[in-house]
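Participant: Structure incoming, see below.
Okay, here's the thing in structure tokens:
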């Protein structure tokens, strides 16, 4: 694990641990204050804080697992564990909300006695609001820094607790002023808020688990950044997916058709580095290199491969006296046909055999092969066992009939 990644993991664990300690303090304090202050909604809020403590423990364990480096079993890393934990957190909150709403509804229907809060329950609710709002700002700051969706969800969870405490505050105050149902109604409102947050987390994480793409605006920005990269003529099949606050990208780029494999690879590396540098959420990029546009199936996919082509060329050129001096043959698969590059030493050119004659012989010999489109001949000078291109005149290009 890189030092930066380790530092971010420690930051996520630290803010979660601080939140857990605060939740423990709030849970005990609100339950005691709610019991002696006769506030059902405050006790419910205290139980909610205990549930927060449990989710903090789950989050800490999840960060430890998801922070592990990629391995053979998980080649893309362990980020999905964070997503799964977010789903569990959301389901837990939704279930908890259902219990809160059910209990408060029973009290409103007279199946259980309504409580009459004491004024000091207001103080406990006020302290909870201040602590939870502070935790929200601290956690959301770390979430933004670490690009953690789970931590961002936990930050909003802290804020929802602050808002729910405000609702409790209003409910307690309402009951004190003679509105006997206010405390139970406040508990129901808190329950509905928790349910909304929980279901929202489940839906958002489920979208991530089924590889939902990044927002259209972000995908458009990535598309434009790739097109602006040097050497990229066009692109297609740009796909994005999300994993624990990070994004994975794969794309097909079209490069000039007759450049070398190494140059094409260098262009792909530049595209990858550019995306990783300009888009902080992108953690992995796979770039496929295409020599031509092949949105569905390459028009050259049915053509014979190198071994078969070389056998055909050797057979066609076997009668030529200089064929054994061919030093290299390159094949370019373009537009459903093959372009052949032939490299010969300058010494094959003699007073009796001109360059034009050699080109004509090579061209005429392969006319029978309809899959061959171009024959391109390079005459090379050999110096200290190194070849240097010395001629690439227009007449070295020959299109077969």
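Residue numbers (the numbering used here): 555 to 955.
We treat Cβ as the ideally placed atom computed from N, Cα and C, and that holds for glycine.
Beta carbon of residue 689, beta carbon of residue 696: below 8 Å?
Facilitator: In this structure, residue 696 does not lie closer than 8 Å to residue 689 by Cβ.
Participant: May I have a chain-ordered list of the alpha helix (DSSP H) segments no shorter than 4 residues that lie completely inside the stretch 715-796?
Facilitator: Within the stretch 715-796, the complete alpha helix (DSSP H) runs of at least 4 residues are 736-763, 770-781.
Participant: Can the beta-carbon of residue 842 be found closer than 8 Å to that of residue 886?
Facilitator: No. Outside cutoff.
Participant: Given this structure, state the Cα-to-Cα distance separating residue 975 from residue 819, to the nearest angstrom.
Facilitator: What is shown of the chain runs 555 to 955, which leaves residue 975 out entirely.
Participant: Could you please give me the residues that DSSP links to residue 708 through a beta bridge?
Facilitator: DSSP output for residue 708 lists no bridge partner at all.
Participant: State the start and end residues of the unbroken beta strand (DSSP E) segment that holds residue 844.
Facilitator: It spans 836-844 - the beta strand (DSSP E) in which residue 844 sits, taken as one unbroken run.
Participant: By how many angstroms is the C-alpha of residue 790 removed from the C-alpha of residue 848?
Facilitator: The alpha-carbon atoms of residue 848 and residue 790 are separated by roughly 9 Å.
Participant: Would you mind sorting residue 560 into buried or exposed? The rule is 16 or more other CB atoms within 10 Å of its CB.
Facilitator: The residue is exposed, with fewer than 16 neighbouring Cβ atoms inside 10 Å.
Participant: Going by alpha carbons, who is nearest to residue 637 out of 853, 844, 928, 757?
Facilitator: For the residues 853, 844, 928, 757, the minimum Cα distance to residue 637 belongs to 757.
Participant: Give the secondary structure of residue 563 by DSSP, where H, G and I count as helix, E and B as strand, and everything else as coil.
Facilitator: Residue 563: helix per DSSP, three-state reduction.
Participant: Does the structure place the stretch 854-868 close enough to the stretch 643-662 that three or more beta carbon pairs sit under 8 Å?
Facilitator: The stretch 643-662, when compared against the stretch 854-868, does not touch it at the 8 Å Cβ threshold.
Participant: For residue 809, count neighbouring Cβ atoms within 10 angstroms of its own Cβ and tell me buried if that reaches 16, exposed if not.
Facilitator: Answer is buried; the Cβ neighbour count reaches 16.
Participant: At least one CB of chain C closer than 8 Å to the CB of residue 812: is that the case?
Facilitator: Annotation note: the requested chain C is absent from the structure, which comprises a single protein chain.
Participant: Taking the alpha carbon of residue 579 as the point to measure from, which residue in 599, 781, 783 has its own alpha carbon closest?
Facilitator: When only C-alpha atoms are compared, the closest one is 599.
Participant: Look at the alpha carbon of residue 735 and the alpha carbon of residue 683, and state the distance between them as a whole number of angstroms.
Facilitator: Cα-Cα distance, rounded: 22 Å.
Participant: Under 7 Å Cβ to Cβ from residue 765, same chain only, skipping five residues before and after it: list those, please.
Facilitator: These residues qualify, in order along the chain: 795.
Participant: Put residue 569 into one of helix, strand or coil per three-state DSSP.
Facilitator: Three-state DSSP puts residue 569 in a helix.
Participant: Which of helix, strand or coil does DSSP assign to residue 625?
Facilitator: Three-state DSSP puts residue 625 in coil, outside helix and strand.
Participant: By the DSSP assignment, the beta strand (DSSP E) with residue 806 in it spans what residues?
Facilitator: That run of the beta strand (DSSP E) goes 800-808.
Participant: In chain order, what residues of the same chain lie with their CB nearer than 6 Å to the CB of residue 573, ignoring the 5 residues before and after it?
Facilitator: Same-chain partners within the cutoff: 610, 689.
Participant: In three-state DSSP terms, what is residue 911?
Facilitator: DSSP places residue 911 in helix when its eight states are reduced to three.
Participant: Which value, in whole angstroms, describes the spacing of the CA atoms of residue 614 and residue 571?
Facilitator: The alpha-carbon atoms of residue 614 and residue 571 are separated by roughly 8 Å.
Participant: At the level of alpha carbons, what is the spacing between residue 654 and residue 724?
Facilitator: Rounded to the nearest angstrom, the two C-alpha atoms are 17 Å apart.
Participant: DSSP three-state call for residue 589: helix, strand or coil?
Facilitator: Residue state, collapsed to three classes: helix.
Participant: For residue 879, tell me which candidate among 925, 897, 891 has the shortest Cα-Cα distance.
Facilitator: Answer by Cα proximity: 897.
Participant: Which residue wins for smallest C-alpha separation from residue 825, given the options 813, 811, 804, 916?
Facilitator: Ranking the options by Cα distance to residue 825, first place goes to 804.
Participant: Would you kindly work out how many angstroms separate the C-alpha atoms of residue 617 and residue 623, rounded to a whole number?
Facilitator: Taking the straight line from one Cα to the other gives about 12 Å.
Participant: Classify residue 596 as buried or exposed, calling it buried when 16 or more other Cβ atoms lie within 10 Å of its own Cβ.
Facilitator: Residue 596 should be labelled buried.
Participant: Could you give the DSSP three-state label for residue 931: helix, strand or coil?
Facilitator: Here residue 931 sits in strand by DSSP.
Participant: Let me know if residue 762 comes out buried or exposed under the rule of 16 or more other beta-carbons within 10 Å of its beta-carbon.
Facilitator: Result: buried.
Participant: Secondary structure at residue 920, three-state DSSP: helix, strand or coil?
Facilitator: Here residue 920 sits in coil by DSSP.
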